[in-house]
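Under the working numbering, the letters of the sequence shown match residues 6 to 79, in that order.
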Amino acid sequence: MDYSQILTIEPGKRGGRPCIRGMRITAYDVLAYLASGMTHQEILADFPYLTEEDILACLAYAAQRERATLTVQR
Numbered sequence: 006m007d008y009s010q011i012l013t014i015e016p017g018k019r020g021g022r023p024c025i026r027g028m029r030i031t032a033y034d035v036l037a038y039l040a041s042g043m044t045h046q047e048i049l050a051d052f053p054y055l056t057e058e059d060i061l062a063c064l065a066y067a068a069q070r071e072r073a074t075l076t077v078q079r
């Protein structure tokens, strides 16, 4: 998934962390909710301005970061 159209980075917003569509919710926020056991449906109910595609973009971002970390460690 190409998350570049969904996750945006603005130096003055949330410390330059990737935010969803320019909002103040970060990819890390969504990943933390998922890690705590929230389902996609629960996240979408709590944050109605998010979409399923937003959640998938956060997961794709995390997967790419992990892949990049493994490549650097080799």
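C-beta: ideal position from N, C-alpha, C; glycine also.
If you're wondering where the values come from, they're calculated on a predicted model, not measured in any experiment.
Is the beta carbon of residue i sitting closer than 7 Å to the one on residue j?
i: Y38; j: I25; result: no
i: C63; j: A40; result: no
i: D51; j: I11; result: no
i: A73; j: M6; result: no
i: G21; j: I14; result: yes
i: A68; j: L36; result: no
Hey, quick one: how far does the alpha helix (DSSP H) through residue i stretch, first residue to last?
i: D51; result: 45 to 51
Give me the DSSP bridge partner(s) of residue i.
i: T31; result: C24
i: L12; result: I25
Measuring only between beta-carbons, confirm whether residue i sits less than 7 Å from chain B.
i: I48; result: In the displayed structure, chain B is absent; only one protein chain is listed.
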